[in-house]
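For the sequence shown, my numbering begins at 324 and goes up steadily by one. Glycine is no exception: its CB is placed at the ideal position from the N, C-alpha and C atoms.
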Amino acid sequence: MVLSGKLTDQVTEAMREAADTIILPRYQHLGTGEVLEKTPGELVTVADRESERFLSDRLRALVPGSFVIGEELAEAEPDVVEKVDDGTVWLVDPLDGTANFVAGKPIFSVMVALMQKGEPVLAWMLNPVTGVLHHAEAGSGAFRDGERLTASKGPNSADGLRGALLNRLMPPDMRALMAERGKIMKECLPGLGCAGLEYPAIVEGQEDFAIFWRSLPWDHVPGSLFLREAGGTAKRLDGRDYRASDRGKGLIVSCSIAVHEMVCEQLIGRGIW
């Protein structure tokens with residue numbers, strides 16, 4: 324399949340339509356029964372589900388023979404994730420940052436990635452509130468509303484680091500270690516609760532890195548392609564590059580390889596996890 328600007332524009336148009344007609348009308352206007360707890364602490368809204376159905380139909384039509392794996396589909400049919408390396412696959416997070424959305428906070432995103440034989444080739448992250456689009460194409464770069472972006476190199480020492488430690492799902496011993504070692508940083512951030520905004524924040528210099536524990540493909544494939552194309556890194560705690568088919572836990576995303584090394588040495592500790 325030949326990637327083209329036309330396909331990028333078509334996906335962008337579909338994402339903007341989902342944002343404008345499904346998500347934003349319910350922002351700060353969710354009705355009774357439109358918010359559910361699918362698992363303890365994990366919320367889903369009618370906007371998540373309707374957005375996923377809309378995007379799935381549009382994306383399948385754009386690339387005949389393609390398959391869509393969305394967050395809500397994977398919740399209902401967990402085995403569908405095993406198909407992530409099969410042929411041409413769309414990954415869809417129809418409303419990333421649902422907890423923020425429910426709370427009325429303007430920190431949520433719509434994310435899509437296109438994969439071929441397990442490799443991400445295109446990615447989109449749309450901020451419905453501002454309309455800003457971050458997208459990337461493998462081998463061609465990372466962009467904000469069409470303008471090419473390059474990630475900063477970050478500080479020269481660990482005491483200059485600004486990073487997000489998303490530790491809610493970490494094992495207690497790792498959570499305690501992060502809390503203690505995080506004291507050496509310039510600023511320890513709580514994280515945005517929205518990967519679709521966290522990755523652009525790293526590329527644009529608002530933070531230097533983030534550590535996630537859970538690394539589901541629809542949450543991290545779009546951002547990791549975007550970050551790598553901008554010159555950053557997305558690696559497991561043992562140094563392996565992040566892949567959608569990898570079921571491991573723990574993910575360090577950094578603006579540069581130098582920052583990744585600092586995080587490993589100063590915050591994580593080689594060989595501990």
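{"Item": "Would you call the CB atoms of GLY265 and TRP541 closer than 8 angstroms?", "Value": "Only positions 324 to 596 of the chain appear in this structure, which leaves residue 265 out of reach."}
{"Item": "Please report how far the alpha carbon of TYR565 lies from the alpha carbon of GLU527, in whole angstroms.", "Value": "21 angstroms"}
{"Item": "Could you check which residue in ALA499, THR344, SER538 has the C-alpha nearest to that of ILE591?", "Value": "ALA499"}
{"Item": "Pick out whichever of PHE466, PRO429, GLU460, GLY462 has its Cα sitting closest to the Cα of PRO451.", "Value": "PRO429"}
{"Item": "Answer yes or no: do VAL403 and LEU414 have a C-beta to C-beta separation smaller than 8 angstroms?", "Value": "no"}
{"Item": "Measuring CB atoms only, is the segment 480 to 498 touching the segment 417 to 428, in the sense that at least three cross pairs come out at less than 8 angstroms?", "Value": "no"}
{"Item": "Where does ALA459 land, buried or exposed, given buried means 16+ other C-beta within 10 angstroms?", "Value": "buried"}
{"Item": "Can you grab the Cα-Cα spacing for the pair THR278 / GLY554, in whole Å?", "Value": "Summary: the structure shown does not reach residue 278, with the chain confined to residues 324 through 596, and so no result is reported for it."}
{"Item": "For LEU330 and ASP496, what's the separation of their Cα atoms in angstroms?", "Value": "46 angstroms"}
{"Item": "Cα separation between ILE534 and LEU520?", "Value": "14 angstroms"}
{"Item": "Roughly how many angstroms lie between the CA atoms of LEU385 and GLY328, to the nearest whole one?", "Value": "13 angstroms"}
{"Item": "Shortest alpha-carbon distance to ALA481 belongs to which of ARG551, ASP409, GLU530?", "Value": "GLU530"}
{"Item": "What did DSSP end up calling VAL386 once you bin it into helix, strand or coil?", "Value": "coil"}
{"Item": "Go through its chain and collect everything with a Cβ distance to TYR522's Cβ below 6 angstroms, but skip five positions before and after it.", "Value": "GLY546, PHE549, LEU550"}
{"Item": "Counting only the same chain and skipping the five closest in sequence on each side, list residues whose C-beta sits under 6 angstroms from that of ASP343.", "Value": "none"}
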